[in-house]
Amino acid sequence: MSAAPLRRLSDGVSVTVRLTPKAGADKIDGVAAGAAGRTALKARVTAAPESGKANAALLALLSKSWKLPKSALSIAGGAKDRNKVVHVAGDPAALERRIAGWLEGLEKRDD
């Protein structure tokens, strides 16, 4: 992966996500290259993109995948767009290690 979809912030980390709503299952499909060489985590959820349902389903999926409380995650950008920025509040170094390790495991499963 050239540039992880993960970025360290002063109060946590942000993760770039490409979300597909109304999918057949709630699932993380891996990491994909996007515009300008940036990468995004590809996720799909069964919820429809209405009244924030797909965003809530995304946060629940990521919370479960990363074993973090739902209250630590929020949509920081792209609330009404497929391309989103998810903010994860907490210790930046610990979160970066946890999520980067999870991303590495995800890539190995895709190989």
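0 is the number of the first residue of the sequence shown in numbering that gives the first Met the number 0; add one for each residue after it.
Cβ coordinates follow ideal geometry from the N, Cα and C atoms, glycine included.
In this structure ALA59 is not in contact with THR45, their Cβ atoms being roughly 11 Å apart against a cut-off of 8 Å.
Counted as a single uninterrupted DSSP element, the alpha helix (DSSP H) harbouring ALA59 occupies residues 52 to 65.
Nearest in C-alpha terms to ALA47, of all of SER62, ASP28, TRP65, PRO20, is PRO20. The beta-bridge partner set that DSSP reports for ARG6 consists of SER13. When rounded, the separation of the alpha-carbon atoms in SER73 and VAL87 is 7 Å. Residue burial annotation: GLY11 is buried, with at least 16 other C-beta atoms found within 10 angstroms of its C-beta.
When DSSP states are grouped into helix, strand and coil, GLY29 belongs to the strand group.
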